[in-house]
Amino acid sequence: MIYRNWKAITDSSQIDPYMTRALALLNLDSPLGREFVNRFPEWFSTTPLEDAGPIPLSVIRTTACRLDGMERAADFPFSCGATVELGIPTLQFALNSHTEREWGIPLIPPELKEVKQQGTTINHGVETFVCLEYNTNSGVGIVYFAPLIYVDPTS
Numbered sequence: 060m061i062y063r064n065w066k067a068i069t070d071s072s073q074i075d076p077y078m079t080r081a082l083a084l085l086n087l088d089s090p091l092g093r094e095f096v097n098r099f100p101e102w103f104s105t106t107p108l109e110d111a112g113p114i115p116l117s118v119i120r121t122t123a124c125r126l127d128g129m130e131r132a133a134d135f136p137f138s139c140g141a142t143v144e145l146g147i148p149t150l151q152f153a154l155n156s157h158t159e160r161e162w163g164i165p166l167i168p169p170e171l172k173e174v175k176q177q178g179t180t181i182n183h184g185v186e187t188f189v190c191l192e193y194n195t196n197s198g199v200g201i202v203y204f205a206p207l208i209y210v211d212p213t214s
């Protein structure tokens, strides 16, 4: 299986943000995808995500929009399936006791309550996390975090 080497892609001075988004959407099993892999082997890897570098937040947002078909989906990458498609592990916390009971999700720890915006980083335990989704739609209150090693919130 071929993986995108996000560390190499985002470190490359040859790539602009539009190319990064195009690479995120490229089907690597298609003829064009295979041609990209052959022409730019440094941008691809046979190692899983953990070793290939963090995925830019802009790519995660673009993937959510592609999967959902709506631009608003960029704010909801977990709910739209982008984190699963990209192989990004997440922590989820309930924002209220109702969601905790109904969904069986642990209540958000006090030190994480201040995070309400996608892309915000925060230390929790011994690891740094990035807020991927703060979802209060339909009365459900859930926030999703991913380890910083998987997400580049600056790009």
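For the sequence shown, my numbering begins at 60 and goes up steadily by one. Note that the Cβ used here is the ideal one computed from N, Cα and C, for glycine as well. Given the structure is predicted, the values throughout are model-derived calculations rather than measurements.
Query: Is PHE135 helix, strand or coil when you go by DSSP?; Result: coil
Query: Could you spell out the range, first to last residue, of the alpha helix (DSSP H) harbouring THR187?; Result: Segment 186-194 is the beta strand (DSSP E) holding THR187; no alpha helix (DSSP H) there.
Query: By Cβ distance, which residues of its chain are closer than 7 Å to PRO212, with the 5 residues on each side in sequence left out?; Result: LEU116, GLY178, THR180 and VAL189
Query: Are the CB atoms of PHE99 and LEU150 nearer to each other than 8 Å?; Result: no
Query: So THR180 is in the beta strand (DSSP E); what residue range does that whole segment cover?; Result: 180-183
Query: Does any C-beta atom of chain D lie closer than 8 Å to the C-beta of ASN194?; Result: Absent from the structure: chain D. Only one protein chain is present.
Query: Bridge partners of TYR203, per DSSP?; Result: GLN151 and GLU192
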